[in-house]
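Colleague: Let me give you the structure first, and then I'll get to my questions.
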Ligand SMILES: [Zn+2]
């Protein structure tokens with residue numbers, strides 16, 4: 015059905031940050047043709063009654079590492095766009111072509127290409143390693159020439175290389191996403207002009223620059239977190255309009271890897287055995303007492319810092335870091351939204367973080383992210399009111415990408431079947447990366 019209308023639902027109005035009754039959505043040829051009272055629709059237009067439901071934009075996960083088998087899980091969870099923040103170049107360009115092609119049963123895909131990283135712990139072939147500023151510039155040139163959408167700067171980049179890659183990306187007009195660790199902290203990266211920071215990386219180091227804490231700074235620095243320092247860093251983030259993909263869902267999974275509930279969770283039916291084995295190898299479900307205690311401090315510390323970001327109106331966007339440990343495509347974005355609400359976000363703000371704001375950070379705000387005439391018809395029909403209870407976003411009646419309807423139940427059945435039958439040997443990335 016190429017042309018139809020959704021009638022009877024409450025429609026998300028991004029400008030007013032509220033759900034509005036009495037509006038119909040006219041979908042035509044994959045786009046939103048009009049948002050209007052139902053009596054203004056063409057009289058012979060087929061109508062789909064979504065009474066008792068809310069209609070919101072399709073969700074966006076701004077931080078994933080995609081694989082083909084993730085596609086049905088994203089759609090089933092209402093995620094109609096993802097940004098891949100680290101993948102081998104040829105693989106991701108091929109996937110972007112397929113997922114963005116007509117008729118794909120997959121979310122649309124924006125990609126950064128491989129992580130630009132320095133020597134150290136590397137995620138080959140998900141990363142490319144540069145040793146000098148010249149190599150860093152050359153690598154950016156190559157990725158831009160290959161057609162990546164944005165540039166991801168990674169943890170082990172030496173500082174001169176980080177600055178060179180950042181500068182070269184800016185010369186190309188490319189948006190830069192940073193996972194900081196070994197060299198500059200968040201303050202230095204922001205002052206150098208980085209557009210977005212992942213995972214709150216570099217933030218603890220910026221709060222306490224006189225104490226180096228390699229690896230897991232939030233674990234080590236929390237006891238010294240001071241309100242004045244937090245206020246100063248948050249001010250910088252807000253003033254410079256830095257996008258913050260805080261990805262608290264991944265920190266919670268990492269910090270509670272000991273918790274047997276992860277393994278018992280019903281969603282594990284969608285996890286291929288090889289991925290589960292990799293999770294257990296990376297983060298065994300046992301944790302030394304001191305580390306467990308350190309995480310028990312660090313997780314609330316990151317939430318408190320996020321609460322300050324929320325209070326000050328920083329531009330937080332929703333990302334999950336799927337499929338890192340115990341994170342599943344789609345499901346984990348809903349986890350992230352619930353954690354953002356726990357941190358003090360109103361549910362309507364959390365919805366904005368996963369739709370309008372995320373689309374803006376991905377530089378496709380003109381195409382998706384709101385329900386407006388002319389935008390792509392990426393929509394999610396849910397039971398209940400997500401502005402009262404963010405969990406309503408998980409009660410999905412229908413998912414629409416480019417005007418095409420998908421049945422979440424059928425997609426989940428497909429994903430469960432894949433997980434039950436996937437052969438590790440056939441999963442190239444599972445053997446090389448996981
Ligand atoms: Zn990641």
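Numbering (my numbering), first residue to last: 15 to 448. Heads up, the beta-carbon is just placed ideally off N, CA and C, and yes, glycines get one too.
1) Between which two residues does the beta strand (DSSP E) carrying residue 412 extend?
2) Excluding sequence positions up to five away, which residues of its chain have a Cβ less than 7 Å from the Cβ of residue 15?
3) What are the start and end residues of each continuous beta strand (DSSP E) run of 3 or more residues lying completely inside the stretch 323-400, in chain order?
4) Tell me the rounded alpha-carbon separation between residue 58 and residue 320.
5) Report all residues for which the CB-ligand distance to some heavy atom of ligand 1 is below 6 Å; order them along the chain.
6) Look at the alpha carbon of residue 266 and the alpha carbon of residue 99, and state the distance between them as a whole number of angstroms.
7) Residue ranges of each beta strand (DSSP E) run of no fewer than 3 residues wholly in the stretch 149-222, ordered along the chain?
8) Quick one: is residue 401 buried, meaning 16 or more other Cβ sit within 10 Å of its Cβ, or exposed?
9) Hey, could you find the ends of the alpha helix (DSSP H) residue 287 is sitting in?
10) Please classify residue 17: does DSSP put it in a helix, a strand, or coil?
11) Using the Cβ count rule (16 or more neighbours within 10 Å means buried), how would you classify residue 255?
12) In chain order, what residues of the same chain have a beta carbon less than 7 Å from the beta carbon of residue 339, not counting five sequence neighbours either side?
13) Output the residue ranges of the beta strand (DSSP E) runs that lie fully inside the stretch 62-126 and measure 3 residues or longer, sorted by chain position.
14) Compare the beta carbon distance of residue 213 and residue 146 with 7 Å and say whether it is the shorter of the two.
15) What residue range is occupied by the uninterrupted alpha helix (DSSP H) comprising residue 248?
16) Buried or exposed for residue 24, please, with buried defined as at least 16 other CB atoms from any protein chain shown within 10 angstroms of its CB.
17) Just to confirm, are residue 182 and residue 151 a CB contact at a threshold of 7 Å?
18) From what residue to what residue does the alpha helix (DSSP H) around residue 429 run?
Modeller: Quick look at the numbers:
1) Boundaries of the beta strand (DSSP E) harbouring residue 412: 410-415, taken from the DSSP string.
2) Residues of the same chain with a CB within less than 7 Å of the CB of residue 15, apart from the 5 flanking positions on each side, are 60 in chain order.
3) Counting only runs that start and end inside the stretch 323-400, the beta strand (DSSP E) elements of at least 3 residues fall at 393-397.
4) Residue 58 and residue 320: Cα-Cα distance of roughly 49 Å.
5) Selection output, chain order preserved: 77, 79, 99, 100 and 335.
6) Between the alpha carbons of residue 266 and residue 99 lies a gap of roughly 20 Å.
7) Within the stretch 149-222, the complete beta strand (DSSP E) runs of at least 3 residues are 165-167, 190-192 and 210-212.
8) Buried, because 16 or more other Cβ atoms sit within 10 Å of the Cβ of residue 401.
9) Where residue 287 is concerned, the enclosing alpha helix (DSSP H) stretches over 287-296.
10) Residue 17: strand per DSSP, three-state reduction.
11) By the 10 Å Cβ count, residue 255 comes out exposed.
12) Cβ neighbours of residue 339 within its own chain (closer than 7 Å, five residues either side excluded): 267, 268, 271, 293, 296 and 297.
13) Scanning the stretch 62-126 from its first residue to its last, the whole beta strand (DSSP E) runs of 3-plus residues come out as 67-71, 73-78, 93-98 and 122-125.
14) Not in contact: residue 213 and residue 146 (Cβ atoms no closer than 7 Å).
15) Note, residue 248: alpha helix (DSSP H), 241-253.
16) It is buried - the Cβ of residue 24 has at least 16 other Cβ atoms within 10 Å.
17) Yes; because the gap between Cβ atoms is below 7 Å, this pair is in contact.
18) Start and end: 422-435.
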